[in-house]
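Going by the working numbering, the letters in the sequence shown line up with residues 1 to 187, in that order.
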Amino acid sequence: MPTPDPAAATVPYELSPFPGEPAPEGLGIRGSAGRDGECLTLRYTLSGPLQQLRIPERDATPGRLDGLWQTTCLECFLALPEDPGYWELNVSPTGDWNLYQLDAYREGLRPEPACPEAPRLQRRDHSGVLEFEVCLVLPPPLAMAPALELAVTAVVANRDAAISYWALRHPCPQADFHHRGGFALRL
């Protein structure tokens with residue numbers, strides 16, 4: 001995997017929970033997104049009452065799996081401007097992952113075949129703050145694009161199994177990470 005350039009430009013973000021969801025009071029999710037050639041780097045920083053969250057430990061042998069969004073999962077939706085198709089990246093704190101390609105809004109979901117390797121996941125836990133860094137080698141259509149639109153999101157499970165949905169923007173009356181109105185970050 002190519003090493004991202006730490007000097008490459010990054011864009012900060014802050015996620016908010018979907019209104020009315022059972023998000024722990026005081027939990028914050030901030031981070032940054034950056035692109036260095038064919039590498040996308042996403043940083044997620046969780047702060048607050050982390051002891052209330054269900055965050056699994058790193059798996060010794062993570063793999064490419066479906067259904068990761070059903071519990072705590074770091075996500076990013078990527079699109080080319082003015083193209084109805086998009087990609088969905090799911091990364092579990094365990095290191096399990098998947099990258100899907102879709103033809104249009106919730107249509108044609110399939111694993112992206114041009115993703116030869118797992119994203120690199122680094123985890124740092126210190127002083128009540130949990131940081132994740134995800135580095136993904138982008139598939140060719142995204143790597144060659146001059147600009148990308150992103151919806152950075154997260155699914156967070158509480159210890160009592162309640163789930164909250166976090167995003168840059170919630171454009172719908174229900175939580176919907178696939179809606180293009182939520183693709184609010186541009187790289």
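The beta-carbon is built from N, C-alpha and C at its ideal position, and this holds for glycine as well.
Report back the beta-carbon spacing between residue i and residue j to the nearest angstrom; my notes put them in contact at under 8 Å.
i: P84; j: E149; result: Between E149 and P84 the Cβ distance is about 12 Å, and since that is not below 8 Å, they are no contact.
i: R54; j: A157; result: 4 Å
i: L50; j: G128; result: 6 Å
i: L196; j: L136; result: As displayed, the chain neither begins before 1 nor continues past 187, which places residue 196 out of reach and without an answer.
Please report how far the alpha carbon of residue i lies from the alpha carbon of residue j, in whole angstroms.
i: R124; j: E133; result: 9 Å
i: R120; j: E75; result: 14 Å
i: R30; j: E14; result: 4 Å
i: P12; j: F183; result: 14 Å
i: A147; j: L187; result: 6 Å
i: D236; j: Y86; result: With the chain running from 1 to 187 in the structure shown, residue 236 is simply not present.
i: P93; j: E57; result: 6 Å
i: Q122; j: Q174; result: 31 Å
Who are residue i's beta bridge partners in DSSP?
i: P146; result: In the DSSP output, where bridge partners are listed per residue, P146 has none listed.
i: S92; result: Bridge partners of S92: none, in fact.
i: Y100; result: E88, P111
Pick helix, strand or coil for residue i, following the three-state DSSP scheme.
i: Q174; result: coil
i: L187; result: coil
i: L138; result: coil
For residue i, report the span of its beta strand (DSSP E) as first-last.
i: H126; result: 120–126
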